[in-house]
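Novice: I have a structure here, written as structure tokens, and I will follow up with some questions on it.
2 protein chains.
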Amino acid sequence: MHTLHTRINDSFWNNYMELVRETVIPYQWEALNDRIEGAEPSYAIRNFRIAAGLEEGEFGGFIFQDTDLYKWLEAVAYSLKRHPDPELERIADDAIALIGQAQHEDGYVNTYFTIKEPGKQWTNLHEAHELYCAGHMIEAAAAYYQATGKRGLLDIACRFADLIDRLFGAKPGQIRGYCGHQEIELALVKLYAVTGEARYLSLSQYFIDERGSMPNFFIDEWERRGRIGHWSNGRPSPAYNQAHLPVREQTAAVGHSVRAVYMYTAMADLARLTGDAGLREACERLWANTTGKQMYITGGIGSTHNGEAFSFDYDLPNDTVYAETCASIGLIFWARRMLQLEAKSEYADVMERALYNNVLGSMSRDGKHFFYVNPLEVWPEASDKNPDKRHVKPVRQKWFGCSCCPPNVARLLSSLNDYIYDVSEDGRTLYAHLFIGSEATFGLAGGSVALRQRSALPWDGRVAFSVSLPDGEESVAFELALRVPNWYQHGRPVLKINGEPQDYRVANGYALIARSWSDGDAAEWLLPLESALIAANPLIRANAGKAAIQRGPLVYCVEEADNGAPLASLSLAAAPDLQAIPDDGLLGGCVVVEGEGLTAAPSASGWTGDQPYRPLRKESAPVRFRAIPYYLWGNRKTGEMNVWLRY
Amino acid sequence: MHTLHTRINDSFWNNYMELVRETVIPYQWEALNDRIEGAEPSYAIRNFRIAAGLEEGEFGGFIFQDTDLYKWLEAVAYSLKRHPDPELERIADDAIALIGQAQHEDGYVNTYFTIKEPGKQWTNLHEAHELYCAGHMIEAAAAYYQATGKRGLLDIACRFADLIDRLFGAKPGQIRGYCGHQEIELALVKLYAVTGEARYLSLSQYFIDERGSMPNFFIDEWERRGRIGHWSNGRPSPAYNQAHLPVREQTAAVGHSVRAVYMYTAMADLARLTGDAGLREACERLWANTTGKQMYITGGIGSTHNGEAFSFDYDLPNDTVYAETCASIGLIFWARRMLQLEAKSEYADVMERALYNNVLGSMSRDGKHFFYVNPLEVWPEASDKNPDKRHVKPVRQKWFGCSCCPPNVARLLSSLNDYIYDVSEDGRTLYAHLFIGSEATFGLAGGSVALRQRSALPWDGRVAFSVSLPDGEESVAFELALRVPNWYQHGRPVLKINGEPQDYRVANGYALIARSWSDGDAAEWLLPLESALIAANPLIRANAGKAAIQRGPLVYCVEEADNGAPLASLSLAAAPDLQAIPDDGLLGGCVVVEGEGLTAAPSASGWTGDQPYRPLRKESAPVRFRAIPYYLWGNRKTGEMNVWLRY
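Top to bottom, those sequences are chains A and B. Under full-length UniProt numbering, the letters of the first sequence match residues 1 to 647, in that order. Under full-length UniProt numbering, the letters of the second sequence match residues 1 to 647, in that order.
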């Protein structure tokens, strides 16, 4: 209704937009075609060629390999919207044509079942990811249609969705099941938004409502299959797939983290679109649990590699952590939907935290190497030699056999413009959630408005907005709602309108400025950044006696490259006197934080290497330490890294 | 040569001797017969009955299940030696007769291969534990013969050992291999000691010398089996079995910890008996690595449950720890042999540390519940809900499917009298390694001597010795060597001879008192105990900024029962003012250590449960904490436990 168009133009984020466009997307296309030397092959394109009858061969990769192509196409769509590129569009069109060639007469598309297990379709919803793959195809189709206006992939997706709609549901003869990996639920909401077809919304609602009902579908299905499975023959554990209870009865985040947040995202979408109060309450409960008790300070979620899963409240080990990139991306998706359900700054705070730390940190500065697991404490030798930490890589990898994360990063960053603003239902309030330089246009209740944002974040907290109105328009009345970030610690940020300080009221974490805006009006939102020490709740045992450094939205970490090893020997001095120092030469330019610390490293404390224990003496030497933004870690020589420092 | 006989009579240890005799041995006999309600069945006796043709049925339990009976018999032997018990001896004799009935014509005994895989004997030395089982039979046989003079089990064992001697070796037609789980190597040394048959020593030497030679036997064997295995079909990883290098070239403890220390024990035996300098150097190198870089303060070894294994130097996580009971017992075996190789106090220090902490702590006060894994930090909810800590049990278990540890504890404790003293090769020096009340007799170079020791350890450090000489003997000259424990921190302990303080010299960590001893002469060795704070080497990252409390040989821990939760919120005050307080009513009577601490628990710091992070404030409240001896932890209601405290 209040159509908005936002184009990012920001000294910090432009680089990422360009990196995705110029490097990540082309690099991933090479990966999808198995042309990256020394990286695990993707097989994605090859599988489609075989399924389309253009090539002979065996299926390669994971059962959900098709999604690598779909997520890449979605990222391409967002990129084309920002930056038209006929050559890239031609490559994408060809890939879409290939998908069409692999589609069955009845609309079905899945290269695994087409090549490897024809006839076994829909017999293992628990493990086989068919609806998950369909979901990613639908998301790509919606995005590509919105970016290019081309219906090719959208038609393929609608035919597939229509097949699924006929096959699944509570009517006689339909499969009364749902996917083992949630994704199609949120995708169908996008398909509804693009096509206006209510049956897609209903199908999403069916999947959400049916989930967790008794008797449990996954267990019955496993019995029907003769108790055999694709990954394991063991009895399904429905909590892993968040199917242990009906979703409205779920109170804590459990199981595989990505599945969980993809589901919560769809639940929030449906709560907004249907006004379902029970669903909304479930979303709020699960949000409070996830972000209040199970989230790392970097916005990572998922404490154990065992099942890539949540463990339980306050269990946030820094070194055996999982904090999968995709899970934080899913958390951002969910936060975005919660904001649409209700504009409360806590949702945007989490969105920003996950974005600037876990997600940005997952990608190397060259855009070609990625973390799947995002630790808060790394000892490279332990990752190498202690199998309990084998999943924690100290160095970003070129590509993964299970490469869900890199294309997910690409599609998030290339659509970041959609995460900055919202307009209220009544068209009277314009919310600025994120402070990212951009040009945006809105159709508000009072008229059309263009808003330019300039932001010096994450290095400096000066944010400025200027309003432009269409020619001839005198003024437009609307309420500008500026987020008060949870990292701003100095009372109230200063607001200036046309250079004059102005008071404001705050509601739900947003400063509200209702006025009649004239062309050229300027609003300044001043959030001076301070290097702050952050403590964790004492129930989070792993961080007892420790503090993390945060400056604005950025969490900081210490690295061996700056501070030597072992980093565990480093602690904060009683008066750490943190100082933010711009270093243009470091890692592409950043602000480092230096401070006073103490070191108990062997050189300072007189230990020899073969003495394990001795009576405690107070032996430590003052040292000046240097912390860098967490998202930049691991871009120098391999070494230790630590977010939480003893004080 | 210098035959010694030692009988423990000690206010602390008598209880354990009696507990083993009256409870542990009878309880384990019930377990071996599958008569413990609610515990996992052992199958051990049933397997022997089936193998002997007395019963029909399938093999039950692990492939090495026979050793549960052998280790029980070994414990019985030691117990009978101390405390004759005709009824127990009859039960043991019947069990030995049963073993005889299960023995094949050619001497072979192994119920798994007899029942389940006849014809497959000796085809999977890597995994099938046949020589390991034989080793435990041999150890039991030697002990039972020494205790009772009965040759029944010894004859069975010799026939089996003779078969093995014919089958294994470097001669044409022999199997040029060795066992995947070291044990027979140390057992054959005992068989040699009991029988005087040099071929058993040579066979032990062969197994040690052959190990790790190239091409690798385990890999060749796996190829011969068609690349299939009992536990796994994967390619053997020889480091797991310490077969990656010839033993003389090994420099660091690697792989499965129990296998490692059992092997090192045999190596030390062989180095002593053969004078092999290369083997001795390897023992010393491996000792320095194991106890200097890979040992917990409790004497636990093995940092990861993955393979029950060592990980690498200084990697000693307290919460994902393994520290298997059997591994510490093996470390004690090894330390004992190192002492025999060279009387240096550091070996006895480690022996004592592992005994009073890891091993004693593995058994409940009722003698019926055991830990397999001995953690230094427990959060029960994490053990329950985070799969990475599933192996760390917060409560001792009744019995285990793989129940190697409980009978190992029984055999160690019931033979503890053999760990107190040594006499030098020349019969002139009498070493007191452990301070355990006892009556002992020695045939020294100067004559026969009886030595009575009284010790108030672990609660008080007063140790007294009195010498008795045979009737009519005026005096006997010998050097008494008293260990200066590494936990004694006050300069030099006071020595008194017949009430008069006396100077002494110290060599290799022993106070040496050479004199002509008369009947009734008394030596006092005064080691006042102090509650000390111990720090860990800064390279042990897990303990950075933390200290442990130790008093005499006992490591202390804090428990939730005394201090509430979360224990991670508790830290030591700047002046902790530790005070040792006897508490006769607590856990059967012990000395607790109280001190001044700080708590940052939510009640003291004003945190709410749904707030994960906030700016650091200095909020903590003084609190008096109470620590109990580590070996007594987990004997009250389930709760958190911590050895290392922040300071």
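Ideal placement from N, C-alpha and C gives every residue a C-beta, glycine not left out. All values derive from a computational prediction rather than experimental measurement.
Counting C-beta neighbours from all protein chains within 10 Å, is the total for asparagine 124 of chain B 16 or more, i.e. buried, or is it exposed?
Specialist: Mapped onto the second sequence, residue 124 of chain B falls at position 124. Under this definition asparagine 124 of chain B is a buried residue.
Novice: For a contact meaning CB atoms closer than 7 angstroms, what does glycine 597 of chain B contact in chain A?
Specialist: Sequence index remark: in the second sequence, residue 597 of chain B carries index 597 (1-based). None at all; the shortest Cβ gap to chain A is about 12 angstroms.
Novice: Quick one: grab the DSSP three-state call for glutamine 453 of chain B.
Specialist: The residue you call residue 453 of chain B lines up with position 453 of the second sequence. Strand at glutamine 453 of chain B.
Novice: Do serine 620 of chain B and serine 603 of chain B count as a contact pair if the criterion is CB distance below 8 angstroms?
Specialist: Position 603 of the second sequence, counted from the start, is the residue given in the question as residue 603 of chain B. Position 620 of the second sequence, counted from the start, is the residue given in the question as residue 620 of chain B. Their beta carbons are not under 8 angstroms apart, which means serine 603 of chain B does not touch serine 620 of chain B by this criterion.
Novice: Residues in the same chain with beta-carbon distance under 8 angstroms from leucine 341 of chain B, minus the five sequence neighbours each way, listed in chain order, please.
Specialist: By 1-based counting over the second sequence, the position of residue 341 of chain B is 341. Cβ within range, chain order: Ala268, Ala271, Arg272, Arg280 and Cys283.
Novice: What residues of chain B sit near glycine 292 of chain A, judged by a beta carbon separation below 8 angstroms?
Specialist: In the first sequence, residue 292 of chain A corresponds to position 292, counting from 1. Those are Gly609, Asp610, Gln611 and Pro612, listed as they occur along chain B.
Novice: Quick one: what's got a C-beta closer than 6 angstroms to arginine 248 of chain B's C-beta in the same chain, skipping five residues either side?
Specialist: Position 248 of the second sequence, counted from the start, is the residue given in the question as residue 248 of chain B. Answer for arginine 248 of chain B: Gly278 and Ala282, listed in chain order.
Novice: Using a Cβ-Cβ cut-off of less than 8 angstroms, list which residues of the region 489-520 of chain B approach chain A; keep chain order.
Specialist: Listed by position, the residues of the region 489-520 of chain B near chain A (Cβ gap below 8 angstroms) are Gln489.
Novice: Should the region 522-529 of chain A be regarded as contacting the region 486-502 of chain A, the criterion being three or more beta carbon pairs within less than 8 angstroms?
Specialist: Yes, they touch.
Novice: If we count the other Cβ atoms within 10 Å of its Cβ and call it buried at 16 or more, is proline 394 of chain A buried or exposed?
Specialist: Locating residue 394 of chain A in the first sequence gives position 394, where the first residue counts as 1. It is buried - the Cβ of proline 394 of chain A has at least 16 other Cβ atoms within 10 Å.
Novice: Determine the extent of the beta strand (DSSP E) in which glutamine 579 of chain B is found, giving its start and end residues.
Specialist: Residue numbering aside, residue 579 of chain B sits at position 579 when the second sequence is read from its first letter. Residues 579-583.
Novice: Can you tell me whether DSSP reads glycine 100 of chain B as helix, strand or coil?
Specialist: Taking the first residue of the second sequence as position 1, residue 100 of chain B is located at position 100. Helix.
Novice: By DSSP's criteria, aspartate 114 of chain B is part of a beta bridge. Which residues make up the other side?
Specialist: Walking along the second sequence from the start, residue 114 of chain B turns up at place 114. Correcting the residue identity first, residue 114 of chain B is threonine in this sequence and not aspartate. Answer is none; threonine 114 of chain B lacks a bridge partner.
Novice: Based on the DSSP output, what are the partners of lysine 344 of chain A in its beta bridges?
Specialist: Reading the first sequence from its first residue, position 344 is the one you call residue 344 of chain A. None, per the DSSP bridge assignment.
Novice: Determine the contact status of phenylalanine 48 of chain A and alanine 128 of chain A, defining contact as a CB-CB distance below 8 angstroms.
Specialist: Counting from one through the first sequence, the residue named residue 48 of chain A turns up at place 48. Counting from one through the first sequence, the residue named residue 128 of chain A turns up at place 128. Cβ distance not < 8 angstroms, so phenylalanine 48 of chain A and alanine 128 of chain A don't count as in contact.
Novice: In terms of residue numbering, what span does the alpha helix (DSSP H) encompassing arginine 602 of chain A cover?
Specialist: Within the first sequence, residue 602 of chain A is the residue found at index 602, counting from 1. Correcting the residue type first, residue 602 of chain A is proline in the shown sequence and not arginine. Counting along the chain, the alpha helix (DSSP H) containing proline 602 of chain A begins and ends at 602-605.
Novice: List, in order along the chain, the chain B residues whose C-beta lies closer than 8 angstroms to that of lysine 385 of chain A?
Specialist: Counting from 1 along the first sequence, the entry for residue 385 of chain A is found at position 385. Per Cβ cutoff of 8 angstroms: Ser311, Phe312 and Asp315.
Novice: Based on Cα-Cα distance, which residue from A:Gly119, A:Leu203, A:Gly169 and A:Gly177 lies nearest to cysteine 158 of chain A?
Specialist: Looking up residue 158 of chain A in the first sequence gives position 158. Among A:Gly119, A:Leu203, A:Gly169 and A:Gly177, the Cα nearest to that of cysteine 158 of chain A is on A:Leu203.
Novice: Quick one: what's leucine 167 of chain B bridged to in DSSP?
Specialist: Locating residue 167 of chain B in the second sequence gives position 167, counting from the first residue. The partner list for leucine 167 of chain B (beta bridge, DSSP) is empty, contrary to what the question assumes.
Novice: Compare the Cα-Cα distances from alanine 548 of chain A to each of A:Arg515, A:Glu308, A:Tyr296 and A:Gly307 and report the closest residue.
Specialist: On the first sequence, position 548 is the one that residue 548 of chain A refers to. The residue with the shortest Cα to Cα distance from alanine 548 of chain A is A:Tyr296.
Novice: Which of helix, strand or coil does DSSP assign to proline 26 of chain B?
Specialist: Position 26 of the second sequence holds residue 26 of chain B. In this structure, proline 26 of chain B counts as helix in the three-state DSSP scheme.
Novice: Going by DSSP, which residues form a beta bridge with residue 698 of chain A?
Specialist: An answer regarding residue 698 of chain A cannot be provided, because it is not within the stretch 1 to 647 covered by chain A.
Novice: Run through DSSP, which three-state label would tryptophan 287 of chain B get?
Specialist: Taking the first residue of the second sequence as 1, we reach residue 287 of chain B at position 287. In the structure shown, tryptophan 287 of chain B sits in a helix (DSSP, three-state: H, G or I).
Novice: What does the Cβ neighbour count give for serine 303 of chain B, buried or exposed, with the cut at 16 atoms within 10 Å?
Specialist: Stepping through the second sequence from its first residue, residue 303 of chain B is reached at position 303. So serine 303 of chain B counts as buried.
Novice: With a cut-off of 8 angstroms, does the C-beta of methionine 1 of chain A fall near any C-beta of chain B?
Specialist: In the first sequence, residue 1 of chain A corresponds to position 1, counting from 1. Because methionine 1 of chain A sits at a pLDDT of 49, beneath the cut-off of 50, its placement in the model cannot be relied upon, and the point is left open.
Novice: Please decide whether tryptophan 379 of chain B counts as near chain A, where near means a Cβ-Cβ distance under 8 angstroms.
Specialist: Sequence index remark: in the second sequence, residue 379 of chain B carries index 379 (1-based). Interface residue, yes.
Novice: In chain A, what lies closer than 7 angstroms to leucine 286 of chain B by C-beta?
Specialist: One-based indexing of the second sequence puts residue 286 of chain B at position 286. Per Cβ cutoff of 7 angstroms: no residues; leucine 286 of chain B is ~13 angstroms from chain A at best.
Novice: Tell me whether residue 648 of chain B sits in a helix, a strand or coil according to DSSP, three-state version.
Specialist: Here chain B covers residues 1 to 647 and nothing more, so residue 648 of chain B does not appear.
Novice: What whole-angstrom Cβ distance do aspartate 68 of chain B and alanine 39 of chain B have, given they're in contact under 8 angstroms?
Specialist: Along the second sequence, one-based indexing puts residue 68 of chain B at 68. Along the second sequence, one-based indexing puts residue 39 of chain B at 39. Incorrect: roughly 13 angstroms between the Cβ atoms, too far for contact.
Novice: List the residues of chain C whose Cβ lies closer than 7 angstroms to the Cβ of arginine 541 of chain A, in chain order.
Specialist: In summary, chain C is missing from the structure at hand, where the protein chains are A and B.
Novice: Expressed to the nearest angstrom, what Euclidean distance is found between the alpha-carbon atoms of lysine 637 of chain A and glutamate 560 of chain A?
Specialist: Here residue 637 of chain A is taken as the residue at index 637 of the first sequence, counted from 1. Here residue 560 of chain A is taken as the residue at index 560 of the first sequence, counted from 1. Those two C-alpha atoms are separated by around 9 angstroms.
Novice: In this structure, does DSSP put cysteine 404 of chain A in helix, strand or coil?
Specialist: Here residue 404 of chain A is taken as the residue at index 404 of the first sequence, counted from 1. In this structure, cysteine 404 of chain A counts as coil in the three-state DSSP scheme.
Novice: Rounded to the nearest angstrom, what separates alanine 288 of chain B and aspartate 610 of chain A at their Cα positions?
Specialist: Here residue 288 of chain B refers to the residue found at position 288 of the second sequence. Here residue 610 of chain A refers to the residue found at position 610 of the first sequence. Looking at the two C-alpha atoms, the distance is approximately 7 angstroms.
Novice: Could you check the C-alpha separation between arginine 7 of chain B and tyrosine 510 of chain B for me, to the nearest Å?
Specialist: As a first step, residue 7 of chain B must be located in the second sequence, where it is residue number 7. As a first step, residue 510 of chain B must be located in the second sequence, where it is residue number 510. One C-alpha to the other measures close to 23 angstroms.
Novice: Chain A beta carbons: is any one of them nearer than 8 angstroms to that of alanine 532 of chain B?
Specialist: As a working mapping, residue 532 of chain B is identified with position 532 in the second sequence. Judged by the 8 angstroms Cβ criterion, alanine 532 of chain B is in contact with chain A.
Novice: Glutamate 221 of chain B and histidine 126 of chain B: beta carbons closer than 8 angstroms?
Specialist: To locate residue 221 of chain B, count along the second sequence from 1; it is residue 221. To locate residue 126 of chain B, count along the second sequence from 1; it is residue 126. A contact, by the Cβ cut-off of 8 angstroms.
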